[in-house]
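These notes concern the structure reproduced below.
Residue numbers (this note's numbering), protein chains in the order written: chain A, 1 to 244; chain B, 245 to 543.
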C-alpha cells in the first residue's frame, strides 16, 4: 500500500500537534485569580425581575434577579461575577483539539443557565428547556448563523444541538420572555473561564510562556491583563476592573 | 317549488335551534391553564365569550344581526343551488341554453341583499364605530385611567402613570430588555413613579383609555371579553377606550390577534379586572421599587 506525500504530511502534522498539545497540558501551568471591582459599587444593585408575564416562570423558581451586573459585595475587595476571562494572545499558531463533551445551556425558571459561558469552535452546544412553557432561542451573533427557534415543551433529554464558529461574546435572548438573556464566547482554544460567585477564575494547561488575558463583561466591556507562567507553576493574578 | 320551500324552512329551523337552544359551553378555565397555569374566568365555547364591557352588547348586536343575515343568505342561496342542480340536470333530449336568464325575482333579491348590507354598514356599524371613537376621554381627563400599552415580539407591556397621574419621558435609547422594556427615563420626576408591568390591571366601573403602540411589527391588542380588538402599529399611538362592568371582576387574557412571528401564539398577558379598592392596592404594591435580589436566593 502506497501513501501519498500529502497523507504522510497530514499524519506527521497531526502527530506533532498531538505531542505538542499533550506536552503543553502536562506542564500543568495555571493562571488563577479574582476580578476585583474598582468603582462605585453603590450604583449597582441587583433587583428581582418581574416575571409576572408568564406565571409558569414562577412555578420553577421563587424569584430571579437581574444579570447585567452581579457584584459580590460580601467580601473585601468586591469582586465581579460572570466575567468571561480568556487568553487573547500568546498561544501562537497552536491548534487544540475540540472536546467531545457538549456544553449544555438550560432554560430553567425562565432564565439561562449558565448566563455567560465559553465554548470551543466546533464543540457541540446542547440547548434544553426545563420549563413547562415555551421559550424562543434567538442568537444575535455577527459571524455565526442567527439561530432563532422555539422549544415549546419541557425537554431535558434531547434538546437541540448546534456548533458555532469562533466569535467574540454575543447575546442570546428569548423573545417570549424579554428579561431572558445569556452570552456566549466562542474560542479556537480551550483556555477560558467565567468568574464564579466569588469573582474567581482559573485557567490551566496553556503551557509556559507570556500571555495576554482578555476580560469581557456584558455591562463593563473589555480589558486586558498580561501574565507570565513558568513550567509546572501557578500564577496568581488578581485583576482590577475599573468601572467609571 | 314546494321542495325548495321545505328545504329553506328546515335549514333556518336547524340553524335557529342550534344557535338559540344549545347551552353555552361551560369551559371556565379550560382555555388558559394549559398555557399560563392560571384559571381564566368567563365562558368560552362556539359562540361569543363572556362580555364584561359596558359597550359590548352593541358589538354583539351587530355580530348577531350579521350572522342571522348571513345564515339566511347561506341557506337561501344553498337551496337555490340545490334546486338548480336537480331541476336542470342533464336529461336525454335536452340541450343547455347559454343565453342569460332574465327573472325579476333574482334581480330584486340581489337588490334586496345590497340594500340590507348597506343598512348594516351605514345603519349599524358606522354609528357604532363613531360612538366608540367619540367616547374616548381626553388625555387629561382625571376621571379616566390612562394606560400605555406597548406590544413587542412576543410580549405586552403595560405602563401606568403612578401616583402623580402624569407619564414621564421615555425614549428608545433607554430601552433595556427585562428591566426597562418601555424605555422610561427615570431621571424625569414625572417618570420616577411610573409603573411598568407585564400584567394588565384595570378597575371596574371606570373609563379606561389605552394608548397602543408597537416596538417592532404590527400586533393586535385583543381582549375578547371586553369586545376590544385594535392593531398596534410601530410609530403610531392609537387610543381605544372601554369600561369594565362592575360584575366583570375576574382574571382574563389579552392576546395578540395579528400573526406577528414564530411565537405569535405565546404573545399573551393576564388581565386582572378588579374592584377600585383592589386596583388601588395593586397600584401601591406595583409602585414600590424592585426588591433587592439576594444572591443566596439562588441556593
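All C-beta atoms, glycine included, are put in the ideal place defined by N, C-alpha and C.
As the structure is a computational prediction, the values presented were derived from the model and not from experiment.
Reduced DSSP secondary structure (H/G/I, E/B, other) of residue i
i	result
residue 501 (chain B)	coil
residue 327 (chain B)	helix
residue 175 (chain A)	coil
residue 467 (chain B)	strand
residue 524 (chain B)	helix
residue 417 (chain B)	helix
residue 149 (chain A)	strand
residue 305 (chain B)	helix
residue 244 (chain A)	coil
residue 191 (chain A)	coil
residue 108 (chain A)	strand
residue 442 (chain B)	coil
residue 319 (chain B)	helix
residue 91 (chain A)	coil
residue 210 (chain A)	strand
residue 310 (chain B)	helix
residue 508 (chain B)	helix
Test: residue i CB closer than 7 Å to a CB of chain B
i	result
residue 65 (chain A)	yes
residue 153 (chain A)	no
residue 136 (chain A)	yes
residue 150 (chain A)	yes
residue 178 (chain A)	yes
residue 248 (chain A)	This structure cannot settle anything about residue 248 (chain A), because the visible part of chain A is limited to 1 through 244.
residue 175 (chain A)	yes
residue 171 (chain A)	no
residue 45 (chain A)	yes
residue 48 (chain A)	yes
residue 235 (chain A)	no
Contact under 7 Å by Cβ, residue i with residue j
i	j	result
residue 204 (chain A)	residue 98 (chain A)	no
residue 149 (chain A)	residue 162 (chain A)	no
residue 166 (chain A)	residue 188 (chain A)	yes
residue 106 (chain A)	residue 130 (chain A)	yes
residue 238 (chain A)	residue 33 (chain A)	yes
residue 35 (chain A)	residue 83 (chain A)	yes
residue 176 (chain A)	residue 119 (chain A)	no
residue 428 (chain B)	residue 435 (chain B)	yes
residue 391 (chain B)	residue 402 (chain B)	yes
residue 465 (chain B)	residue 513 (chain B)	no
residue 109 (chain A)	residue 61 (chain A)	yes
Buried/exposed call for residue i, threshold 16 Cβ in 10 Å
i	result
residue 545 (chain B)	Residue 545 (chain B) falls outside the range modelled here, since chain B spans only 245 to 543, and no answer is possible.
residue 256 (chain A)	The question about residue 256 (chain A) has no answer here: the residues shown for chain A are numbered 1 through 244.
residue 536 (chain B)	exposed
residue 232 (chain A)	exposed
residue 228 (chain A)	exposed
residue 374 (chain B)	exposed
residue 328 (chain B)	exposed
residue 456 (chain B)	buried
residue 533 (chain B)	exposed
residue 214 (chain B)	Here chain B comprises residues numbered 245 to 543, so residue 214 (chain B) is not present and cannot be evaluated.
residue 300 (chain B)	buried
residue 458 (chain B)	buried
residue 485 (chain B)	buried
residue 359 (chain B)	exposed
residue 321 (chain B)	exposed
residue 225 (chain A)	buried
7 Å Cβ cutoff, residue i in contact with chain A
i	result
residue 536 (chain B)	yes
residue 322 (chain B)	no
residue 398 (chain B)	yes
residue 443 (chain B)	yes
residue 422 (chain B)	yes
residue 510 (chain B)	yes
residue 507 (chain B)	yes
residue 517 (chain B)	no
residue 282 (chain B)	yes
residue 478 (chain B)	no
Residue i: first and last residue of the uninterrupted alpha helix (DSSP H) it sits in
i	result
residue 351 (chain B)	348 to 362
residue 377 (chain B)	370 to 378
Start-to-end residues for the beta strand (DSSP E) that takes in residue i
i	result
residue 403 (chain B)	399 to 404
residue 34 (chain A)	30 to 38
residue 537 (chain B)	No beta strand (DSSP E) contains residue 537 (chain B), which DSSP labels as neither H nor E.
residue 487 (chain B)	482 to 487
residue 157 (chain A)	155 to 162
residue 144 (chain A)	Where residue 144 (chain A) is concerned, there is no enclosing beta strand (DSSP E), given that its DSSP letter is neither H nor E.
residue 230 (chain A)	Unbroken run through residue 230 (chain A): none, as it is neither H nor E.
residue 475 (chain B)	472 to 476
residue 245 (chain A)	In the structure displayed, chain A extends from 1 to 244; residue 245 (chain A) sits before or after that span and is not available.
residue 118 (chain A)	116 to 120
residue 393 (chain B)	389 to 396
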